[in-house]
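A.B. asks: Just so you know, the sequence shown maps onto residues 3 to 289 in this note's numbering.
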Amino acid sequence: MSVRVGFVGVGAMGLAMASHVLKAGFAVAAYDLNAECLDAASAAGITSARNLADLATMADVFVAVVATDDQSRSVTKELAPLVKKGSVITIAATNNPGTMHELGKYCDGYGVRLIDAPVVYGLDGAREGTLLSLCGGRDEDVEMARPVLMSYSRDVLHVGELGSGQLAKACNNLLHWIHCIGNYEALLLAKRYGVDAQRMREVLLKSPGYNNTLERWDGTRFTWQEKDMDVVLDLAQAGGLVLPLSGQTDQLIKLLSATDVRDLLYGAEASYLGRRVAPINRQAGAA
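#1: Identify, in the order they occur along the chain, each residue of the same chain with its Cβ nearer than 6 Å to the Cβ of GLY8, setting aside the five sequence neighbours on each side.
#2: Name the one or two DSSP bridge partners that ILE93 has.
#3: DSSP puts HIS160 in a beta bridge; with which residues?
#4: Decide if ASN97 is buried, meaning its Cβ has at least 16 other Cβ atoms within 10 Å, or exposed.
#5: Could you check whether the stretch 110-119 touches the stretch 72-90, counting it as contact only if at least three pairs of C-beta atoms, one from each stretch, sit closer than 8 Å?
#6: Could you pull the DSSP bridge partners for PHE9 from this structure?
#7: Grouping DSSP H, G and I as helix and E and B as strand, with all else coil, what is ARG278?
#8: Closest to ALA37 by C-alpha separation, out of GLY13, LYS25, GLY47, would be which residue?
#9: Can you look up THR215 in the DSSP assignment and give me helix, strand or coil?
#10: Hey, could you find the ends of the alpha helix (DSSP H) PRO99 is sitting in?
#11: Which value, in whole angstroms, describes the spacing of the CA atoms of LEU125 and VAL279?
#12: Tell me which same chain residues have a C-beta within less than 7 Å of the C-beta of LEU81, skipping the five on either side of it?
#13: Name the DSSP beta bridge partners of THR49, please?
#14: Checking 8 Å against the spacing of the C-beta atoms, do LYS193 and LEU266 come in under that value?
#15: Helix, strand or coil, according to DSSP, for ILE209 in the structure here?
#16: Expressed to the nearest angstrom, what Euclidean distance is found between the alpha-carbon atoms of TRP219 and VAL121?
#17: Our contact map puts LYS256 next to GLU217 with C-beta atoms below 8 Å; I'd like the distance itself, whole angstroms only.
#18: For the stretch 158-166 against the stretch 17-36, do three or more pairs of beta-carbon atoms, one drawn from each stretch, fall closer than 8 Å, so that the two count as touching?
#19: With C-beta atoms as the reference, is ASP143 less than 8 Å away from ILE117?
#20: When the Cα of ASP127 is compared with those of PRO149, ASP72, THR222, SER74, which residue comes out closest?
#21: Looking at C-alpha atoms only, which residue of CYS137, GLY138, VAL77, VAL158 is the closest neighbour of ASP131?
#22: Short of 8 Å in beta carbon distance, which residues of its chain neighbour ASN174, apart from the five on each side in sequence? Order them along the chain.
#23: With three or more C-beta pairs closer than 8 Å as the rule, is the stretch 177-185 touching the stretch 198-216?
#24: Taking the alpha-carbon positions, what's the CYS109 to VAL233 distance?
#25: Select from ASN283, GLY276, THR70 the residue whose C-alpha is nearest the C-alpha of TRP226.
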C-alpha cells in the first residue's frame, strides 16, 4: 500500500512543502487552524481534514510544520493516541532537542514513531523544493519518512538519535546569526571608509570570508533570531558550557532588521547600535 501523507500546518512553508509531496505522487491531506490556509491547500489539490482526529485516519506519515515547542507538543499529543501503530510523526519545526526526547517517550507509549526533521534554506527553499532536512530518530523511522521528505528537500541528512536534527539546526542557526553580525560589521567598516557595501560584498563572496548568509544577504528574514538563540543558550546552559560569542550574538542580533541590511547595502547611510553611520569625509575627517 502506498504511503499517505498528512500535513499539520499549511501556511506559506507548509503549503509549499505539501505541494511538492503531492507532485511527487503521494496522497496528501492537511489540517490547519486557519481556514484560509486550508482553503489554499484545497485549491492546490490537497485533501482537507476537518480536525486532527480526521487527519489521523488519512495518513501514515505526518509532517508538523508549526512554529513553537508548545505547538509541537499539542499536535503530537493529540495525534499519537489516534493514528495507527507504526505511523511516523515528523516534527519539521525548529524546537529544543529536549522537546523531542519528551515527545519520543510519549509516542513510544502508543507504538507511534517520532522523528525530528527541521529544515534549512527557508521559504525560498520550500517553494523551490530545495530544503535540507536534518533528521534525528531511529534508522528505520527516518527511512520510512525519507521518500516524503525528499519530495521537498535537496537532501535528507540523518544526524543521529532523536533530537539530533534539532541540535544540528541549532548549530546551523548559531552560525547563521553569527555570520549576520560579522557580515554587517564588515560591510559597515567598508562603507565607513567610502567603499560601496554591495561592491565589498561581491569581493568577499570571492574571498575566504565567503559565507552562505552573505550570498543570500538580501533575502535574510529577521524573524526567528530570538527564538533560535534561546535554544542555543538553553542548550549551552544545560550542558554547562560558557559560549561568550553566542551570548554577544544573542544581544546584537536583536538590534538588526532587514531594513538595516538594505540601508547598509543600498543607502547613503547605515545604522548600528543606535548610531547613524555615513562615509567619512576625508577632507573634514571622521565624525
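Even for Gly, the Cβ is constructed at its ideal location relative to N, Cα and C.
C.D. replies: This is what the structure holds:
#1: ALA31, LEU57, MET60, ALA61, PHE64
#2: ALA66, ASP118
#3: CYS137
#4: buried
#5: yes
#6: ALA32, VAL65
#7: strand
#8: GLY13
#9: helix
#10: 99-110
#11: 32 Å
#12: LEU54, ALA58, PHE64, ILE91
#13: ALA31
#14: yes
#15: Per the sequence presented here, residue 209 reads as Ser, with Ile not at that position. SER209: coil per DSSP, three-state reduction.
#16: 19 Å
#17: About 24 Å separates the two Cβ atoms, so there is no contact after all.
#18: no
#19: yes
#20: Here residue 127 turns out to be Gly, not Asp, going by the sequence shown. Out of PRO149, ASP72, THR222, SER74, THR222 has the C-alpha closest to the C-alpha of GLY127.
#21: At residue 131 the sequence reads Gly, which differs from the Asp that was named. Of CYS137, GLY138, VAL77, VAL158, the residue nearest in Cα terms is VAL158.
#22: VAL122, LEU136
#23: yes
#24: 23 Å
#25: THR70
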